[in-house]
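Beneath this line is the structure, given in structure tokens, with notes to follow.
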Amino acid sequence: MNRVLRSNPVREALRVAIAVAVALTLGFIVTLFVSEDPVGAYKAFLFGPVSRLNRFGDWIEESITLIFLGLAVALVFKASQFSLGQEGQMVLGALVAGAVALYVPLPGILRIPLGLLAAMVVGFLWGMLPGFLKAYVEADEIVSTLMLNVVALKIYEYLLTYKIKPPDAGYTASATFPDPGILPTFLPPLPFLAEIRQLFMQRTNISIALYLVLAAVVVVYLLMYRMPFGYELRMVGANLRFARYGGIHTRRTIMLSMAVSGIFAGLAGAHLAMGIHRKLILNITFGLGFEGIVVSLLARNNPLAVPLTGLAYGYLRAGADVMERSSDVSREMVLVIQAVIILLVTAERILPMVQRRIAARRSAPGAAQTPEPAPASGPAKGDA
Amino acid sequence: MSIGLVLRGIFSALFVASVLRISTPLILPALGGLISDLAGVINIALEGIMLVAAFTGVVVSAYTQNVWLGVLAGLAVGTLFSLILALFHLYLKTDIILAGIALNIMAQGGTVFLLFTLTGDKGSSASLASGTVPRVVIPLLHDVPVLGTILSGHHIFTYLAFLLAVVVAVFLYRTPLGTHLRAVGENPEAAASVGINVVRVQTIAIGLSGLLASLGGLSLSMAYLSFFQNNMTAGRGFIALAAIFLGGRTPWGTLLAAVFFGFADALANQFGSLQVPPQWVQMIPYAATVIALVVYNVRRRRQAIERARRMQEQLHAQGTAFGGGD
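What follows is the structure in structure tokens.
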């Protein structure tokens, strides 16, 4: 049992599980205080996303955006670059994808790849800018990315308000994209589940973004663990001086880590525009700014775990939406739950402390077990 | 003609007064952020602390019908909220950026959640009868034509902001604690080796940054406006961070940068009344910060190279003096 506990992935999973459990309990206690029907509200929160097919679809769509963002963050955090620029990359990705969807008169089979490509390129470039500044003039990436986020948001707002919005529109939004600019839904025809497939196609908007995001997970994994670039990136992240000493072109790696990360944030933006909203709206990235960080963090920056945490996190968000619509508890409660999860998961000392307590209690009654050495002050320092 | 209108707008006393007013909720958190930044603990949570304090002040003043109780409660809760950051970063070893992000998320969600629970409204606390702090009319100055308009009649937080800039400068550079604080930020190991309690100093620094950010938050909800609004800080906590860097991490520079950002904001308002897209003006503070960051770093690096070169020359000179070959 103890051997299992000490193995790293299990420990990480346990840490996350404990954090989520504590946070959800806390959320329930809060619900008890504010709701007339706390049990009903919490039920809606916990089971809402799977209670109807369309809600299930919303959950998956939400999760797709989060997984793209989580991948973006995993890449850049693995290089120990604390880029917080995903929101800017995302909003510009949405902008160019939307522009392609609206204005490029190509059939869907070309227009959609072009839109996605444009979002990837813009994300890459908008990530490369702070990356360059960090690598070559040592400008702190936290500050520069936070600033560039606002610059990107303002560019988006300006173009949307003054160039893209149809003059007769009552509120600030683009026209709805024409069909060739919308990510199509597609499920492979299966001989046995034909009816279920039919239902999904009718009731949900799960689009080809689902396959894109799965492909992206594989690509990021291969990039990080099977390619020289990934090796360099991880070396830079683990120990910059050592990496430099080992002959790695650290400046270029830093710059590229932030740029390549931007590709996936850009794709998240494209998904928002061409998949979820199907038009450009003001505040299109609202509430998503830092969510990729949380998703990646819960996955310990492991790209293969990002889909899981993305789905889990998307589930919380989708559940909160259902709760708000069907009870007297507002969806913002989930933000507090999320914050508690982040704090508990990232607190390096909490789990070792708990383990030590358990170990102490176990050895106190003179149990037959060999006395367990207290774990070193914290598990191998996390990537985050 | 539009340029002329804008220029006339900028050079009016009312405009200058509005710059001071708009700068207040930037100066206060920026000064707070400066203290914690100099202590080596960057406080990303300024935004969240401001929100929490702004919200608490409004709610407490509405329920007690006492403005000052509201202010006190806002300061207390905001500061306590900032100490969560200290607890998690300093004692439980959470990464400070991530803890800061978590606190911001918590503040944004928590305030709206409670607002909805208390008022049934997610947008603002307009239905609560909360108070505002009184305006300060400076007796004689108030009647002087231009100066009176500029300097008199502001809310108390505005005067406090400028006063606190002086206090923070004195604190950082003229008191033992301030010196310890900067030493800790400069090199924690070295500071610890001479007997400074690093964790204690950093806890104090975060607490002070929380106190000042709380003042900033209160100045929004109890002076600038008379109610709390969903996400009413609107990124001011991040602008405050930017002001610190733009100001070269000094009190005067930070003050100046914050006022500059206030100026840009006031300018954007002016442009808003014309046909000029306000987004371009709103962008200025952020773009300026990135540029300043670059300039600052390039200069610092050049200085470092210069220093290294000089030292090498000295060594070389010594080397030849001792007759040591190459």
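Taken in order, these protein sequences are the chains called A and B.
Count along the first sequence starting at 1, add 18, and that's the number in my numbering.
Count along the second sequence starting at 1, add 7, and that's the number in my numbering.
Using N, Cα and C, we set each Cβ at its ideal position, and we do this for glycine too.
query, result
"The region 171-188 of chain A contacting the region 287-304 of chain B, beta-carbon criterion three pairs below 8 Å", "yes"
"Distance, residue 267 of chain A Cα to residue 259 of chain A Cα", "11 Å"
"For residue 248 of chain A, the first and last residue of its enclosing alpha helix (DSSP H)", "246-256"
"Contact between the region 81-88 of chain A and the region 138-148 of chain A (3+ Cβ pairs under 8 Å)", "no"
"Beta carbon of residue 224 of chain A nearer than 8 Å to that of residue 79 of chain A", "yes"
"C-beta contact flag for residue 351 of chain A and residue 48 of chain A at 8 Å", "yes"
"8 Å Cβ cutoff, residue 284 of chain B in contact with chain A", "yes"
"Validate contact between the region 242-257 of chain B and the region 30-45 of chain B using beta carbons, cut 8 Å, 3 pairs", "yes"
"Length of the line joining the Cα atoms of residue 2 of chain B and residue 259 of chain B", "The question about residue 2 of chain B has no answer here: the residues shown for chain B are numbered 8 through 333."
"Members of the region 106-118 of chain B that neighbour chain A once the beta carbon cut-off is set at 9 Å", "106, 108, 109, 110, 111, 112, 113, 114, 115, 116, 117 and 118"
"Short Cβ contact (8 Å threshold) for residue 90 of chain A with residue 283 of chain A", "yes"
"Beta-bridge pairing of residue 321 of chain B - partner residues as DSSP gives them", "Paired residues: none, contrary to the question."
"Within chain A, the residues that residue 70 of chain B reaches when beta carbons sit closer than 7 Å", "Within chain A, no residue comes near residue 70 of chain B; the closest Cβ sits about 17 Å away, beyond 7 Å."
"Neighbour-count burial assignment, residue 24 of chain B, 16 or more Cβ in a 10 Å radius", "buried"
"Among B:185, B:26, B:22 and B:132, nearest to residue 169 of chain B - alpha-carbon criterion", "B:26"
"Whole-angstrom distance between residue 359 of chain A and residue 73 of chain A, CA atom to CA atom", "24 Å"
"For residue 130 of chain B, the nearest candidate out of B:235, B:100, B:151 and B:159 (CA to CA)", "B:235"
"Short Cβ contact (8 Å threshold) for residue 194 of chain A with residue 296 of chain A", "yes"
"Cut-off 6 Å between Cβ atoms - residues of its own chain near residue 153 of chain A, not counting five sequence neighbours on either side", "269, 272 and 273"
"Collapsed DSSP secondary structure at residue 299 of chain A in the structure displayed", "strand"
"Residues in the region 307-318 of chain B having any Cβ partner in chain E nearer than 9 Å", "Chain labels in this structure do not include chain E; the protein chains are A and B."
"Min CB distance residue 109 of chain A to chain B below 8 Å", "no"
"Min CB distance residue 165 of chain A to chain B below 8 Å", "yes"
"Chain-ordered residues of the region 289-303 of chain B with a beta carbon less than 7 Å from chain A", "289, 290, 293, 294, 296, 297, 300 and 301"
"Below-8 Å beta-carbon distance, residue 81 of chain B vs any chain A residue", "no"
"Identity of the residues DSSP links to residue 225 of chain A by a beta bridge", "A:203"
"Where residue 249 of chain B meets chain A, residues with beta-carbon distance less than 8 Å", "161, 164 and 165"
"Residue 261 of chain B and residue 254 of chain B closer than 8 Å at C-beta", "yes"
"Simplified DSSP assignment, three categories, for residue 8 of chain B", "Here residue 8 of chain B scores only 46 on pLDDT, less than 50, and its place in the model is too uncertain to base an answer on."
"Contacts around residue 108 of chain A, its chain only, beta-carbon distance under 8 Å, and the 5 residues preceding and following it disregarded", "87, 141, 283, 284, 286, 287, 290, 303 and 306"
"C-alpha gap between residue 32 of chain A and residue 364 of chain A, whole angstroms", "13 Å"
"Rounded C-alpha distance that separates residue 254 of chain A from residue 105 of chain B", "20 Å"
"Cβ pair residue 93 of chain A, residue 238 of chain A closer than 8 Å", "yes"
"Span of the alpha helix (DSSP H) around residue 229 of chain B", "Premise fails: residue 229 of chain B is in no alpha helix (DSSP H) and is neither H nor E."
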